[in-house]
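Trainee:
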Amino acid sequence: MNSYRADFPILSRTVHGHPLVYLDNGATTQKPRCVIEAMTDEYLNVNANVHRGVHFLSQQATELHEAARETVRRFLNARSTAEIIFTRGTTESINLVAATFGQAFLRDGDEVILTEMEHHSNIVPWQLLQARTRIYIKVCPITNDGRLDLEALQQLFTSRTRLLSCTAVSNVLGTINPVQEIVQMAHAHNVPVLIDAAQAAPHMPIDVQALDCDFLAFSGHKVYGPTGIGVLYGKEQWLDRLPPYMGGGEMIGRVSFEHTTFNELPYKFEAGTPDYVATTGLARALDYVTDIGWPAIQAHEADLTRYAVQRLQEIPGMHIYGPADDAVVSFLVGDIHHLDLGTLLDQLGIAVRTGHHCAQPLMDRLGIQGTVRASFALYNTREEVDALVSAIDRVRQMF
Ligand SMILES: Cc1ncc(COP(=O)(O)O)c(C=O)c1O
-1 MNSYRADFPI
9 LSRTVHGHPL
19 VYLDNGATTQ
29 KPRCVIEAMT
39 DEYLNVNANV
49 HRGVHFLSQQ
59 ATELHEAARE
69 TVRRFLNARS
79 TAEIIFTRGT
89 TESINLVAAT
99 FGQAFLRDGD
109 EVILTEMEHH
119 SNIVPWQLLQ
129 ARTRIYIKVC
139 PITNDGRLDL
149 EALQQLFTSR
159 TRLLSCTAVS
169 NVLGTINPVQ
179 EIVQMAHAHN
189 VPVLIDAAQA
199 APHMPIDVQA
209 LDCDFLAFSG
219 HKVYGPTGIG
229 VLYGKEQWLD
239 RLPPYMGGGE
249 MIGRVSFEHT
259 TFNELPYKFE
269 AGTPDYVATT
279 GLARALDYVT
289 DIGWPAIQAH
299 EADLTRYAVQ
309 RLQEIPGMHI
319 YGPADDAVVS
329 FLVGDIHHLD
339 LGTLLDQLGI
349 AVRTGHHCAQ
359 PLMDRLGIQG
369 TVRASFALYN
379 TREEVDALVS
389 AIDRVRQMF
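Quick note: the sequence shown uses the numbering used here, first residue -1, plus one each step.
(1) Per DSSP, what kind of secondary structure is His185 in: helix, strand or coil?
(2) In chain order, which continuous runs of the beta strand (DSSP E) of length 3 or greater are located wholly inside the segment 204 to 245?
(3) Taking just the CA atoms, how far does Gly228 sit from Val206?
(4) Threshold first: 3 residues or longer. Then list the beta strand (DSSP E) segments lying entirely within the segment 19 to 86, N to C.
(5) So what does DSSP say about Asp323, is it helix, strand or coil?
(6) Hey, which residues come within less than 5 Å of ligand 1, measuring from Cβ to any heavy atom, in chain order?
(7) Report all residues from its chain with a CB closer than 7 Å to the CB of Ala36; omit the five preceding and five following residues, and keep chain order.
(8) Return helix, strand or coil for Ala199, following the three-state DSSP convention.
(9) Tell me whether Asp194 sits in a helix, a strand or coil according to DSSP, three-state version.
(10) Alpha carbon to alpha carbon, how far is Arg50 from Cys164? Give it in angstroms, no decimals.
(11) Is Ala4 helix, strand or coil by DSSP?
(12) Could you tell me if Ile133 is buried or exposed, where buried requires 16 or more neighbouring beta carbons within 10 angstroms of its beta carbon?
(13) By DSSP, does Glu90 sit in helix, in strand, or in coil?
(14) Taking the alpha helix (DSSP H) that Val253 belongs to, which residues open and close that run?
(15) Give me the Cβ distance between Trp398 and Pro190, rounded to the nearest whole Å; I'm assuming they're in contact under 8 Å.
(16) Can you list, in chain order, the residues of its chain whose CB lies under 6 Å from that of Lys136, leaving out five sequence neighbours each side?
(17) Alpha carbon to alpha carbon, what distance is there between Val383 and Met115?
(18) Rounded to the nearest angstrom, how far is the Cβ of Met332 from that of Gly315, given a contact under 8 Å?
(19) Measure the C-alpha to C-alpha separation of Leu151 and Lys266 and round it to an integer number of angstroms.
(20) Let me know the beta strand (DSSP E) ranges lying completely inside the segment 115 to 147, each 3 residues or longer, listed in chain order.
(21) Could you check what DSSP says for Ala269 in three-state terms: helix, strand or coil?
(22) What does the Cβ neighbour count give for Tyr41, buried or exposed, with the cut at 16 atoms within 10 Å?
(23) Check the DSSP bridge columns for Val403 and list the partner residues they point to.
(24) Does the Cβ-Cβ distance between Ala269 and Gly251 come in under 8 Å?
(25) Using the three-state DSSP reduction, which class does Arg259 fall into: helix, strand or coil?
(26) Spatial neighbours of Arg3 within its chain, please: CB distance less than 7 Å, with the 5 preceding and 5 following residues excluded, ordered by chain position.
(27) Who pairs with Ile318 in a beta bridge, going by DSSP?
(28) Do you know how far the Cα of Asp362 is from the Cα of Ala66?
(29) Can you have a look at Glu299 and say buried or exposed, based on whether 16 or more other CB atoms are within 10 angstroms of its CB?
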């Protein structure tokens, strides 16, 4: 996999006089040259607004934009491009479902199930909904080893449960949740499921038909694509029954001051000019991943994660939180504050994330303020893990 490093220009820079060791991929991944070039080329040679013009450039931009939708459809194995909605990211995708599903299907006293390991973006949209409709948020607990307690989850379903929304992979604990089993459990109670795939999309193949999930969200920037673009997948039969999210151009059929009709799927949910250059970049990123192939990426990242856990455990005072199934290792060392550790690692050129990782309820459950998180991508190496371990050891001796 080492050869792919050359595709990422930023990886050859230095930080504070040290070679960059970028281990903050859970926050965002670096971009391969092909993504940057595809976007630059579109701005240099194609740029025009999509879906609006009869002229050549507009049609070419529209073709690229709609080809990108087809690439996403293939990436997720969705049935139809009508089920692929472009958003700004996972956060917007979840807000879209919370607002529209909430308006269409949630009434006072209804229940939505979340889990203790959710990112704030899968908690707060449901709380915002509570300002309008008095829904109850029920929370599936985690076990002490950082997995969902599926027996407890089973007990949470009632006749008022309307939706289950949960992450496929924890951005803190690195837990891979048994999504298929969870969907089957929810469907047995006639409850649809929204999957937050922000941390899954960069690391494993996703087949929405095999999972049978009703909605699924992910962000382009975490899977080697540009910022500001993401995806909401929804089963057509659900999307058809939801009201529009935002109003504006493109999402309409016919507008008059008396009455407005709405466009067909997926455009009903895409008001305004989309980031059509970002969709090109996203498609290029997904093709890049697909061309390398999941078996190679997964084998490499599994090796890196195992190696990191094993090497980190050699450090006295090391405490790793969660099972670290997948490309994410969260830890604390003795009583060194996570912020101090992260700041000193940065001085040695090592980029890690520190803090609560937008998962404060999970931090409360763990009884801590935050962790240091190393998260891996296809371009990371065992040598970088070694650099992390020796840097932590150096910092540890300063305390
Ligand atoms: C599990 C999970 N869900 C949602 C998000 C939010 O993604 P975005 O900020 O790209 O919308 C993140 C980002 O860190 C995440 O890790």
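In this text, a Cβ means the ideal position worked out from N, Cα and C, and glycines have one as well.
Mentor: Inspection of the coordinates gives the following:
(1) helix
(2) 213 to 217 and 228 to 232
(3) Going by the C-alpha atoms only, they are around 16 Å apart.
(4) 82 to 85
(5) Taken through DSSP and simplified to helix, strand or coil, Asp323 comes out as coil.
(6) Gly87, Thr88, Thr89, His117, Ser119, Thr165, Asn169, Asp194, Ala196, Gln197 and Ser217
(7) Counting only Cβ-Cβ distances below 7 Å, and skipping sequence neighbours, we find Thr278, Gly279 and Arg282.
(8) coil
(9) Of the three classes helix, strand and coil, the one that applies to Asp194 here is strand, per DSSP.
(10) 37 Å
(11) helix
(12) buried
(13) Of the three classes helix, strand and coil, the one that applies to Glu90 here is helix, per DSSP.
(14) That residue, Val253, is in no alpha helix (DSSP H); its beta strand (DSSP E) goes Ile250 to Val253.
(15) In the structure as shown, the chain begins at -1 and stops at 397. Residue 398 is therefore absent and cannot be evaluated.
(16) Glu109, Ile111 and Leu154
(17) One C-alpha to the other measures close to 26 Å.
(18) Reading off the sequence, residue 332 comes out as Gly, not Met. Gly332 to Gly315, Cβ: 3 Å. Contact.
(19) 34 Å
(20) 134 to 138
(21) In the three-state DSSP reduction, Ala269 falls in the coil class, being neither helix nor strand.
(22) exposed
(23) Beyond the ends of the chain as shown, which are -1 and 397, falls residue 403; an answer cannot be given.
(24) Cβ distance not < 8 Å, so Ala269 and Gly251 don't count as in contact.
(25) Looking at the sequence provided, one finds Thr at residue 259 rather than Arg. If DSSP states are grouped into helix, strand and coil, Thr259 belongs with the strands.
(26) Leu9 and Tyr377
(27) Phe329
(28) 40 Å
(29) buried
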